[in-house]
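Residue numbers (the working numbering): 43 to 323. Even glycine gets a Cβ: it sits at the ideal position worked out from N, Cα and C. Owing to the predicted nature of the structure, the values given are computational and were not obtained by experimental measurement.
Have a look at this one:
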């Protein structure tokens, strides 16, 4: 290789890595500030110049948070709601996506799919009042069902799984399973699901983030403190005249950590689902 070209390629690669490093630091800074602020007193948070490392570090914010709120119960509620949302959304969206992708002769398939896509154009705020009225009629207000059922299936999840299965699940593989006598649901469960695992992981992560951070809907349908989720508990810490910034930072850290750990655990599958042609026709 020409030494000049090799040197130029090295410089270009170094510049790209430098730019990516800068962007990574910029995006990580809010999380770093949240982390160190959770261990600061309120005076240290507003100290000038800023304290980049809390000295001395304190656990008082976490202590106050656990004593003044029912955080363990809120954590359990968030786990139940988010876990159910992720499981049912991944299962139902993948099942619908498989049907739309691999059953071309189904009557009305294209019209129904276009209708599903059309629902993505409706702002979620428009459906808040009708959804709430339905839950009132069903007597589901202040229950897990109110938090889980309305978000079980989304048009984006169906679109996501359909596009992935069109691009990555061969029709020959499905036809071979049918010849071997596998049932239709067996084909989905034993053939399609393993192949679509990266897309399922990516959809699960996105659904987890949306469900875990859902504040507005929880604020609307929940009434008793025993049903509060983590975002709602943290939001209600805000007072009319005072802001307990230390407790807010500690609560924000505890709320964010599960999402970070989930992403780190499933990052390979998430990246594979994003980059393996899930949105190609």
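Open item on the list: Report the CB separation of residue 166 from residue 254 in whole angstroms; it is logged as a contact under 8 Å.
Closed with: Within the chain shown, numbered from 1, the residue matching residue 166 stands at position 124. Within the chain shown, numbered from 1, the residue matching residue 254 stands at position 212. With 8 Å as the limit, residue 166 and residue 254 do not qualify as a contact, their Cβ atoms being about 17 Å apart.
Notebook entry, point to check: Does the distance from the C-beta atom of residue 246 to that of residue 68 stay below 7 Å?
Noted result: Working through the chain shown from its first residue, we reach residue 246 at position 204. Working through the chain shown from its first residue, we reach residue 68 at position 26. No, the Cβ-Cβ distance between residue 246 and residue 68 is not below 7 Å.
On the premise that residue 301 lies in contact with residue 257, defined as a C-beta separation below 8 Å, what is that separation, rounded to the nearest angstrom?
-> Within the chain shown, numbered from 1, the residue matching residue 257 stands at position 215. Within the chain shown, numbered from 1, the residue matching residue 301 stands at position 259. Taking 8 Å as the upper bound for CB-CB distance, residue 257 and residue 301 are not in contact here, some 14 Å apart.
Review point. Smallest Cα separation from residue 297: which of 211, 104, 215 and 179?
Key: To locate residue 297, count along the chain shown from 1; it is residue 255. Considering only alpha carbons, the answer is 104.
### Query
Do the CB positions of residue 77 and residue 292 come within less than 7 Å of each other?
Looking up residue 77 in the chain shown gives position 35. Looking up residue 292 in the chain shown gives position 250. Not a contact, by the Cβ cut-off of 7 Å.
Secondary structure of residue 391, DSSP reduced to three states | Here the chain covers residues 43 to 323 and nothing more, so residue 391 does not appear.
What residues in its chain sit with their C-beta under 6 Å from that of residue 322, if we drop five residues either side in the sequence? Counting from one through the chain shown, the residue named residue 322 turns up at place 280. In this prediction, residue 322 scores a pLDDT of 46, lower than 50, which makes its location untrustworthy; the coordinate-derived value is nonetheless stated afterwards. Cβ within range, chain order: 209.
Residue 212 classed as buried or exposed, judged by whether at least 16 other C-beta atoms fall within 10 angstroms
For the purposes of this step, residue 212 is taken as the residue at position 170 of the chain shown. Around the beta-carbon of residue 212, fewer than 16 other beta-carbon atoms lie within 10 Å, marking it exposed.
Check whether residue 263 and residue 200 have beta carbons under 7 Å apart
As a working note, residue 263 is residue 221 in the chain shown. As a working note, residue 200 is residue 158 in the chain shown. Against a cut-off of 7 Å, the Cβ pair of residue 200 and residue 263 comes out as no contact.
Less than 8 Å between C-beta atoms, sequence neighbours within five positions excluded: which residues of the same chain meet that for residue 48? Taking the first residue of the chain shown as position 1, residue 48 is located at position 6. None.
**Prompt:** What's the call for residue 102, buried or exposed, on a 16-neighbour Cβ count within 10 Å?
**Reply:** To locate residue 102, count along the chain shown from 1; it is residue 60. Label assigned to residue 102: exposed.
inquiry  = Considering only their Cβ atoms, is the gap separating residue 197 from residue 161 smaller than 7 Å?
reply    = For the purposes of this step, residue 161 is identified with residue 119 of the chain shown, where counting begins at 1. For the purposes of this step, residue 197 is identified with residue 155 of the chain shown, where counting begins at 1. Against a cut-off of 7 Å, the Cβ pair of residue 197 and residue 161 comes out as a contact.
> What's the gap between the Cα of residue 179 and the Cα of residue 188?
Replying inline: As a first step, residue 179 must be located in the chain shown, where it is residue number 137. As a first step, residue 188 must be located in the chain shown, where it is residue number 146. The alpha-carbon separation between residue 179 and residue 188 amounts to approximately 12 Å.
Exercise for review: Can you tell me which of the three DSSP states residue 90 falls into?
Suggested key: Here residue 90 refers to the residue found at position 48 when the chain shown is read from its first residue. Residue 90: coil per DSSP, three-state reduction.
C-alpha distance - residue 265 paired with residue 299, whole-angstrom precision
Within the chain shown, numbered from 1, the residue matching residue 265 stands at position 223. Within the chain shown, numbered from 1, the residue matching residue 299 stands at position 257. Each residue's Cα considered, the two are about 26 Å apart.
For residue 214, which three-state DSSP category applies? Translated into positions along the chain shown, residue 214 becomes position 172. Correct three-state label for residue 214: helix.
Considering only their Cβ atoms, is the gap separating residue 87 from residue 135 smaller than 7 Å? Position 93 of the chain shown, counting from 1, holds the residue named residue 135. Position 45 of the chain shown, counting from 1, holds the residue named residue 87. No. Outside cutoff.
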